[in-house]
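Comments concern the structure below.
Numbering (the working numbering), first residue to last: 2 to 118.
In C-alpha cells:
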C-alpha cells in the first residue's frame, strides 16, 4: 500500500488499484497475448484457493516511488523491444496521472510467445 500525505489527511492506495491500471493499459497494446501470473501467484490460487489479484504484476515501493514489474506473453512476430517500450510509456503515464505516485521503472519480462491470435 502507498500512502500520500495531504493537508487534509492521508490517501492510501492498495497495490491492487495500481495493478488494475497496469492491466488495463497492457491489454490495450496490440501484440500482447496475455499477462502471466508468477509461480507463487499460481500456487496460491490453485493450491491454497487464494487469488492475489496481481495478474503478472509486481509492485515495489520506496516511499511514494514505485517500480512495476510486468510479465507477459506476446504473439509470434511482434517486435519485442517496440512493444516493451510502448507498454513502459503507457503504464508509467497512466499510473503517475491517476495515482500521483512516481514510477521509477517499468520492467517488462517476456515469458513466452503464442503463435495464434
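All C-beta atoms in this analysis are idealised placements derived from N, C-alpha and C, irrespective of residue type, glycine included.
Nearest Cα to residue 30 within the set 20, 14, 69, 79: 79. Contact between the region 97 to 110 and the region 11 to 23 is established, with three or more Cβ pairs separated by less than 8 Å.
Nearest in C-alpha terms to residue 77, of all of 91, 108, 116, is 116. Collapsing the DSSP output to three states places residue 76 in a strand. DSSP assignment within the region 61 to 112 yields the following whole beta strand (DSSP E) runs of 3 residues or more, N-terminal first: 66 to 76.
Beta-bridge partners of residue 20 (DSSP): none assigned. Cβ neighbours of residue 105 within its own chain (closer than 6 Å, five residues either side excluded): 66, 68.
When the beta-carbon positions are compared, residue 75 and residue 38 stay at least 7 Å from each other.
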